[in-house]
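Numbering (the working numbering), first residue to last: 3 to 168. All residues carry an ideal CB built from backbone N, CA and C; glycine is no exception. Input: a single structure, listed below in structure tokens.
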């Protein structure tokens with residue numbers, strides 16, 4: 003079973019659990035505007051549909067934004083496994099995506115640990131303006147431009163130590 007098939011089957015199971023009823027192939031194919039044969043090729047033969055159909059499938063199964071992203075990534079992984087003509091580019095895009103996800107996770111951890119330093123001394127309440135500005139500055143340092151996302155993180159330098167606290 004391909005990564006895409008596993009994700010689609012999981013999405014269908016989640017949809018059925020939420021709605022407390024089974025979803026037929028006929029219903030799902032009507033929901034995405036494709037034939038039952040096309041849906042069968044996706045589900046049983048491992049066909050990777052077009053991006054448009056993939057997103058319609060995610061929407062029809064009421065997938066959240068994160069799950070829809072996972073659906074696209076799993077479609078890319080499936081394409082790589084099928085020895086697609088664009089394997090090099092897909093593999094590179096997946097590596098870049100995984101790297102960016104790791105960086106964002108690290109960035110969120112950093113912000114969580116730094117959040118306590120943005121509280122006022124008197125009441126211990128957060129200073130929202132200071133926190134927003136700090137996040138903006140840190141994010142600008144992390145990925146200042148879309149092109150910078152392609153430069154290895156090590157070449158851009160570490161996170162700034164801290165921002166001024168007034």
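*Work out the CA separation of residue 26 and residue 92 for me, nearest whole Å.*
Position 90 of the chain shown, counted from the start, is the residue given in the question as residue 92. Position 24 of the chain shown, counted from the start, is the residue given in the question as residue 26. When rounded, the distance between both Cα atoms is 32 Å.
*For residue 65, the nearest candidate out of 20, 42, 111, 36 (CA to CA)*: On the chain shown, position 63 is the one that residue 65 refers to. Among 20, 42, 111, 36, the Cα nearest to that of residue 65 belongs to 20.
*asked:* Quick test of the definition: if touching needs 3 or more C-beta pairs under 8 Å, does the region 6-13 touch the region 71-82?
replied: yes
*Give a yes or no on whether the C-beta atoms belonging to residue 48 and residue 80 are separated by under 8 Å.*
As a first step, residue 48 is located in the chain shown; it is residue number 46 there, counting from the start. As a first step, residue 80 is located in the chain shown; it is residue number 78 there, counting from the start. Yes; because the gap between Cβ atoms is below 8 Å, this pair is in contact.
*Which residue from 106, 108, 17, 115 puts its Cα closest to that of residue 60?*
Numbered from 1 along the chain shown, position 58 holds the residue referred to as residue 60. Answer by Cα proximity: 17.
_Does residue 63 come out as helix, strand or coil in the three-state DSSP assignment?_
As a position in the chain shown, residue 63 is number 61, starting the count at 1. Coil, per DSSP.
*Please state whether DSSP places residue 97 in a helix, a strand or coil.*
The residue given as residue 97 occupies position 95 in the chain shown. Reduced to three states, the DSSP call for residue 97 is helix.
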